[in-house]
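Heads up, the thing below is written out as structure tokens.
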Amino acid sequence: MPLSPMNALKVEEWDNMINVNIHGVLNGIAAGLPIMEAQGGGQFINTASIAAHMVGPTSAVYSATKYAVWAISDGLRQESKNIRVTIISPGVVETELGSDITDEAAKGFLKELRKTALTADAIARAVLYAISQPDDVDVNEVIVRPTASAF
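Numbering (our numbering), first residue to last: 1157 to 1307.
Here it is in structure tokens:
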């Protein structure tokens, strides 16, 4: 999540985000889909972000990759009759994510947002909710935000 303004032209950072956030999801689907189809079912849980639903300054590329996760997941859901697909879209979470931000303004912005961050446990409970549903119930998306956060 190396946030930066577009005019910083951090093309290598953009490529890394695309490789991890989009290609990583596609590779996971490619590895799991044949197995799930052969066994007649399963569930993918893909992590998008609140950034998939809103774009802010310095987050255009990150948001685009997370929207791609959302779009890929929803497309897979529509194509799959026996495979459940859930997208978890967290708001700000206490994590090392963003430690690679090289733009000082973006780093400061994230530091402020983290003052009201969710814990990893909150996200784990959202995943547990999605996977604990009966086989005929597909929780398509869960958006989890800190109560005190506008994002």
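Just so you know, even glycine gets a beta-carbon here, dropped at the ideal spot from N, CA and C. Being a predicted model, the structure only gives us computed values, none of them experimental.
Item                                                                                                                                    : Value
When the distance is taken between beta carbons, is I1243 closer than 8 Å to M1192?                                                     : no
So, is M1173 buried or exposed, given that buried needs 16 or more other C-beta atoms within 10 angstroms?                              : buried
Near T1203, what residues of its chain come up, given a Cβ to Cβ distance below 6 Å and the 5 sequence neighbours on each side ignored? : I1244
Would you tell me roughly how many angstroms separate the C-alpha atoms of A1216 and D1292, rounded to the nearest one?                 : 36 Å
I need the DSSP call for V1295, collapsed to helix, strand or coil.                                                                     : coil
CA-CA distance, V1211 and A1304?                                                                                                        : 19 Å
Buried or exposed: I1228, going by 16 or more other Cβ atoms within 10 Å of its Cβ?                                                     : buried
So, are the CB atoms of G1247 and V1283 less than 8 Å apart?                                                                            : no
Mind checking S1205: buried by the 16 CB within 10 Å criterion, or exposed?                                                             : buried
Does the distance from the C-beta atom of V1128 to that of I1178 stay below 8 Å?                                                        : Nothing can be reported for residue 1128: it is not among the residues displayed for the chain, which extend from 1157 to 1307.
How big is the Cα-Cα spacing for Q1234 and A1207?                                                                                       : 22 Å
For V1241, report the span of its alpha helix (DSSP H) as first-last.                                                                   : No alpha helix (DSSP H) contains V1241, which is instead part of the beta strand (DSSP E) from I1239 to P1246.
Quick check on E1169: buried or exposed, where buried means 16 or more other Cβ atoms within 10 Å of its Cβ?                            : buried
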